[in-house]
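A.B. asks: Would you mind keeping the following structure in view while I ask a few things?
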Amino acid sequence: MIGFAKRNLLVFFKDRTAVFFSLLSVFIIIGLYALFLGDVWVDNFQGMSGVRYLMDSWIMAGLLAVTSITTTMGAFGIMVDDKVRKIDKDIASSPLKRSSIAGGYVFSSFIIGVIMSFITLVLAEFYVLLNGGELMTFSTLCKVAALVLLSTFTNTSIVYFLVSFFSSPNAFATASTIIGTLIGFLTGIYLPIGELPAAVQWVMKLFPFSHSAALFRQVMMADPIAKAFAGAPAEELQSFKEFMGVVYKFGDMEATPMLSIGFLILTSVLFFGLSVLKLSKKRSH
């Protein structure tokens, strides 16, 4: 399995176009924020201390949540390409077990997602510093790294299940475009959750990607929020967190970090189980 995963990693990183397009959403979001969205949100919170640092941290946290799914989606393009070029038949006839083949695709996509997420984190920190913000503390960085691993594993499980249905590069490309666009809205990057109708907010809160974004924000925005809201009423701080998707509430109940983490783990297990079930059925046929 490790050897097959290594093969997938080499195939992906040798294709510079694939690497670029897997990070395209990152460049688009940073570009949109730098040119348009950033000034809009900073202007909305005028008079607040350190508002640029606060909003930069907000957008970069959402960006990490997006990257962990778009890059794994791009990595699984290798599996679709293998099907199109009939390479999967050669692989299936090799001594490798089906479980090892599946594990190789999943493991390589997970590693690619983690690597690209950490590259995005470096770019995000550079952007925050460039605008007068501060570097993360070591403890914050460790928490973010742990969230990258969890978020990427969850998204790898989901994407593997979805991609297993595609055998056409056109269908895969279309699905990637649609998912990439939807993720930006589901993570509240293009429009904060507080701007949306209550019914739409409920739908967003049911997606694991949204919980990934909330967890990243809770960690990455802890310091800028403490500085921006120093001395502010607790109600004002709570209202900001709910409006910007830092925390989610279901009625009167607020989703705790452990609840969001548990939801991501449960989602990972569910979709990994569905993928194994689909693989078993395919094997029986």
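Just so it is clear: in the sequence shown, position 101 is 118 by this note's numbering, and no numbers are missing. Backbone N, C-alpha and C fix where the C-beta goes; we use that ideal spot for every residue, glycine too. Since we're looking at a predicted model, the values are computed, not measured.
For residue 64 and residue 284, I'd like the C-alpha separation in whole angstroms.
C.D. replies: Each residue's alpha carbon lies about 41 Å from the other.
A.B. asks: When the Cα of residue 246 is compared with those of 34, 41, 30 and 70, which residue comes out closest?
C.D. replies: Ranking 34, 41, 30 and 70 by Cα distance to residue 246 puts 70 first.
A.B. asks: Are the beta-carbon atoms belonging to residue 145 and residue 77 less than 8 Å from one another?
C.D. replies: It is a contact, given that the beta carbons lie within the stated cut-off.
A.B. asks: May I ask you to report which of helix, strand or coil DSSP gives residue 160?
C.D. replies: Helix, per DSSP.
A.B. asks: Out of 184, 211 and 281, state which residue places its alpha-carbon closest to the alpha-carbon of residue 229.
C.D. replies: With distances taken between Cα atoms, residue 229 lies closest to 281.
A.B. asks: What does a CB cutoff of less than 8 Å around residue 166 pick up in its chain, not counting 5 residues either side in sequence?
C.D. replies: Here the set comprises 131.
A.B. asks: Please work out which residues of its chain come closer than 7 Å, Cβ to Cβ, to residue 173, disregarding the five sequence neighbours upstream and downstream, and give them in chain order.
C.D. replies: Result list for residue 173: 89, 123, 126, 127 and 130, in chain order.
A.B. asks: Does DSSP put residue 151 in a helix, in a strand, or in coil?
C.D. replies: Looking at residue 151 - three-state DSSP - the assignment turns out to be coil, as it is neither helix nor strand.
A.B. asks: How many angstroms separate the CA atom of residue 274 from the CA atom of residue 106?
C.D. replies: The alpha-carbon atoms of residue 274 and residue 106 are separated by roughly 44 Å.
A.B. asks: Can you give the Cα-Cα distance for residue 220 and residue 182, rounded to whole angstroms?
C.D. replies: Cα-Cα distance, rounded: 24 Å.
A.B. asks: Mapping the DSSP letters down to three states, classify residue 37 as helix, strand or coil.
C.D. replies: Here residue 37 sits in helix by DSSP.
A.B. asks: Can you give me the Cβ contacts of residue 231 inside the same chain, cut-off strictly under 8 Å, excluding the 5 residues immediately before and after it?
C.D. replies: Excluding sequence neighbours, residue 231 sits near 262, 263, 264, 265, 272 and 277.
A.B. asks: Check whether the region 206-224 touches the region 175-192, counting contact only when three or more Cβ pairs, one atom from each stretch, lie closer than 8 Å.
C.D. replies: No, they do not touch.
A.B. asks: Taking the alpha carbon of residue 136 as the reference point, which residue from 58, 199, 18 and 36 has its own alpha carbon closest?
C.D. replies: Closest option to residue 136, Cα to Cα, is 36.
A.B. asks: Of the residues 66, 48 and 97, which one's Cα is nearest the Cα of residue 29?
C.D. replies: Closest option to residue 29, Cα to Cα, is 97.
A.B. asks: Which residues in the same chain have their Cβ closer than 8 Å to the Cβ of residue 66, if we skip the five residues on either side of it in sequence?
C.D. replies: So the list reads 244, 245 and 247, once near-sequence residues are dropped.
A.B. asks: So, for residue 222: in the same chain, excluding its five sequence neighbours on each side, which residues have a beta-carbon less than 6 Å away from its beta-carbon?
C.D. replies: Within the same chain, residue 222 has close Cβ partners 265.
A.B. asks: Applying the criterion that 16 or more other CB atoms from any shown protein chain within 10 Å of the CB defines a buried residue, is residue 156 buried or exposed?
C.D. replies: Looking at its Cβ environment, which holds fewer than 16 other Cβ atoms inside 10 Å, residue 156 is exposed.
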